[in-house]
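Below you'll find the structure, written out as structure tokens, and then a few comments.
Protein chains: 2
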Amino acid sequence: MIALETLRELASTPYADRAERPIWLQIYDRIGAAVTTGLLPEGTRLPGEDDMAVLFGVSRATLRRALRRHQQEGHLVARKGVGIFVRSLSVRYIVHQNRAFNDPINSESIVEETLSIGRIPASAEAAETFGLCPGDEVIELRLRMLLGNMPIYFTIKEFPISVFPDFESDYAETGSILGAYAAGGVENYRRTETRIIGDMASATEADLLQLSPAVPILRARSTNTDLSGRIIELSRGCWPLFGVELVFEAEQAG
Amino acid sequence: MIALETLRELASTPYADRAERPIWLQIYDRIGAAVTTGLLPEGTRLPGEDDMAVLFGVSRATLRRALRRHQQEGHLVARKGVGIFVRSLSVRYIVHQNRAFNDPINSESIVEETLSIGRIPASAEAAETFGLCPGDEVIELRLRMLLGNMPIYFTIKEFPISVFPDFESDYAETGSILGAYAAGGVENYRRTETRIIGDMASATEADLLQLSPAVPILRARSTNTDLSGRIIELSRGCWPLFGVELVFEAEQAG
DNA sequence: TAGTGGTCTAGACCACTCG
DNA sequence: GAGTGGTCTAGACCACTAA
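So this is what it looks like as structure tokens:
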């Protein structure tokens, strides 16, 4: 059953001139329109590639080309041996640099998910950032954000134990990083630096963000300091490239 | 002649187990290593795809898959009817939000290129930003930045005529936007908002950035205001996704 | 006109997932 | 074991570019 009838409908109209727009792009267009209009809702499983190729009257390679593009843009996600699913996310998730994450701008509810928390040897980057020696431990916190059902952000945060000796229990009790900040004596903080780069998703990142392997993502590395200038957090996170809009606003005077 | 001998060298060693890493990725690896080490210098033209497929002992489709990935990452650029060229750019270009573009951090020289300047009806976005009516004109300035010989940034800037009635001549005389700012009575300004999104390059953008068509890019939209809060510039620019690192630093107190 | 990259086909075998 | 997506082949025709 799945989305077979919908796809049959999509494939029923004849193609425009190939010289105008390649067939695979026309297939890409039709599927994309169906996803953004909701004709193919989030989570829908598509028919097998062989079936779809027949439906659209093209070879499997041509069909795969259209699907591949949608996978790179995060609209479809392929799982080997299972199928291809609609990932959607027609609206971009907006991240404001100077506001909390659960911003009302994103109408749908944001769910923050704690994946893991513990003490591990600091990453090379964290050791340098915090001025630690190799082998020194830090608090590592892994978080994932979900917009509706769709994961749109994954981050690994590291905190110096010297600043937050009881981070785990503080975090568990207050249920938030800001709560752990306060319990550690940090009443206020500043995001001092943010670095943005493009990259390919690693296997685990793609898995956690529910993306096909090796699709482009946006990567951010940021540091927070307390008011005295001491660095209290190193955060490295990633979003689907086409699923987020990052907004940096100048700080308000005063 | 071209890079045929180099490629023959690359293709001479046998492949690892296909189950470990697909052939096309192994080819991708070898070409990538040759590009980043300088074995295939910037601007080098590769042999034809048919020849390379024979060299690497694979079908053309498999070879194209390896090439395609490098094109998406901006290491290679294909020009239809001409050939495939090394674009390189192994070092990322670093853009600091609160500093001038020609930052000493980028060791190689940055060249700023004025592509066009003139008055045109404001874009819909500029009209809204400046509070203009449809059809009202603005100053439009198109710029491109080159790192060495490689284009790494393209931007379209719009300025309100009400603020800069003599922008063109001021810009021509001073040779810089800041000069035109000063001539227009704007001695100081603030970058108030920056929005970052991922996108696919349009045909003209790909052309100007010397990228293959429809590769992922990073897009920024930013506004500047004078000290009174009046918006004096709307800038929309783009970089190759894998060729830039954007750094946002908190403003210094005072 | 010759060579290039872009598109497309009709097969094949594989590793993986799940019932 | 049946079905899935991932890889790979050996062809073909096209539009484009440059000499």
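Note that the protein sequences, when read in sequence, are chains A and B.
Under the numbering used here, the first residue of the first sequence is numbered 35, with each subsequent residue one higher.
Under the numbering used here, the first residue of the second sequence is numbered 35, with each subsequent residue one higher.
From the three backbone atoms N, C-alpha and C, an ideal C-beta is built for every residue, glycine too.
Just so you know, these numbers come straight off a predicted model, no measurement behind them.
(message) Cβ closer than 8 Å: which chain A residues qualify as neighbours of residue 284(B)?
(response) As a first step, residue 284(B) is located in the second sequence; it is residue number 250 there, counting from the start. Neighbours of residue 284(B) on chain A, chain order: 224, 225, 226, 227, 285.
(request) Report the neighbours of residue 281(B) on chain A: residues whose CB is nearer than 9 Å to its CB, in chain order. (result) Start at 1 with the first residue of the second sequence, and residue 281(B) comes out as number 247. By Cβ distance, chain A contributes 227, 228, 229, 230.
(request) Note down, in chain order, every chain A residue with its Cβ under 7 Å from the Cβ of residue 252(B). (result) Here the question's residue 252(B) lines up with position 218 in the second sequence. Going along chain A in sequence order, the residues near residue 252(B) (Cβ under 7 Å) are 232.
(message) How far does the beta strand (DSSP E) with residue 120(A) in it extend, from its first residue to its last?
(response) Counted from its first residue, the first sequence places residue 120(A) at position 86. It spans 117-120 - the beta strand (DSSP E) in which residue 120(A) sits, taken as one unbroken run.
(message) Determine whether the beta carbon atoms of residue 121(B) and residue 62(B) lie at a separation below 8 Å.
(response) By one-based count along the second sequence, residue 121(B) stands at place 87. By one-based count along the second sequence, residue 62(B) stands at place 28. In this structure, residue 62(B) does not lie closer than 8 Å to residue 121(B) by Cβ.
(message) Less than 8 Å between CB atoms is the rule here; does residue 276(B) satisfy it with respect to chain A?
(response) As a first step, residue 276(B) must be located in the second sequence, where it is residue number 242. Cβ-Cβ to chain A under 8 Å: yes for residue 276(B).
(request) Give, in chain order, every unbroken run of the beta strand (DSSP E) that is at least 3 residues long and sits entirely within the stretch 190-269 of chain A. (result) 223-234, 250-260
(request) State whether the stretch 72-83 of chain A contacts the stretch 107-119 of chain A, with contact taken as three or more CB pairs (one from each stretch) at a distance under 8 Å. (result) yes
(request) Could you spell out where the alpha helix (DSSP H) holding residue 40(A) opens and where it closes? (result) Mapped onto the first sequence, residue 40(A) falls at position 6. Taken as a continuous stretch (DSSP letters only), the alpha helix (DSSP H) holding residue 40(A) covers 38-46.
(request) Give me the Cβ distance between residue 145(A) and residue 180(A), rounded to the nearest whole Å; I'm assuming they're in contact under 8 Å. (result) Here residue 145(A) is taken as the residue at index 111 of the first sequence, counted from 1. Here residue 180(A) is taken as the residue at index 146 of the first sequence, counted from 1. Sure, about 4 Å apart at Cβ, within 8 Å.
(message) Please state the DSSP three-state secondary structure of residue 70(A).
(response) Taking the first sequence and counting its residues from 1, one reaches residue 70(A) at position 36. DSSP places residue 70(A) in helix when its eight states are reduced to three.
(message) Please classify residue 167(A) as buried or exposed, where buried requires at least 16 other C-beta atoms within 10 Å of its C-beta.
(response) The count along the first sequence starts at 1 and reaches residue 167(A) at position 133. Exposed is the call here.
(message) Considering just the uninterrupted stretch of the beta strand (DSSP E) at residue 112(A), what are its terminal residues?
(response) The residue you call residue 112(A) lines up with position 78 of the first sequence. Note, residue 112(A): beta strand (DSSP E), 110-113.
(message) Can you check which of these residues, 227(A), 151(A), 225(A), 204(A), is closest to residue 216(A) by C-alpha distance?
(response) Translated into positions along the first sequence, residue 216(A) becomes position 182. Residue 216(A) has its Cα closest to that of 204(A), out of 227(A), 151(A), 225(A), 204(A).
(request) Starting from residue 78(A), trace the beta strand (DSSP E) both ways and give me its first and last residue. (result) To locate residue 78(A), count along the first sequence from 1; it is residue 44. From DSSP, residue 78(A) is part of no beta strand (DSSP E); its letter is neither H nor E.
(message) In whole angstroms, give me the CA-to-CA distance for residue 71(B) and residue 89(B).
(response) Within the second sequence, the letter at position 37 stands for residue 71(B). Within the second sequence, the letter at position 55 stands for residue 89(B). Straight-line Cα distance between these residues: approximately 21 Å.
(request) Measure the alpha-carbon distance for residue 178(A) versus residue 197(B) and round it to whole angstroms. (result) On the first sequence, residue 178(A) is found 144 positions in, with the first residue counted as 1. On the second sequence, residue 197(B) is found 163 positions in, with the first residue counted as 1. Their Cα atoms are separated by approximately 45 Å.
(message) Between 228(B), 114(B), 246(B), 211(B), which has its C-alpha nearest residue 254(B)'s C-alpha?
(response) As a working mapping, residue 254(B) is identified with position 220 in the second sequence. The shortest Cα separation from residue 254(B) among 228(B), 114(B), 246(B), 211(B) belongs to 228(B).
(message) Just to check my reading of the structure: residue 225(A) and residue 256(A) have Cβ atoms closer than 8 Å, yes? What is that Cβ distance to the nearest angstrom?
(response) Position 191 of the first sequence, counted from the start, is the residue given in the question as residue 225(A). Position 222 of the first sequence, counted from the start, is the residue given in the question as residue 256(A). Right, their Cβ atoms sit about 6 Å apart.
(message) Short of 6 Å in beta carbon distance, which residues of its chain neighbour residue 138(B), apart from the five on each side in sequence? Order them along the chain.
(response) Start at 1 with the first residue of the second sequence, and residue 138(B) comes out as number 104. In this predicted model, residue 138(B) has a pLDDT of only 45, less than 50, meaning its place in the structure is not dependable enough to derive any value.
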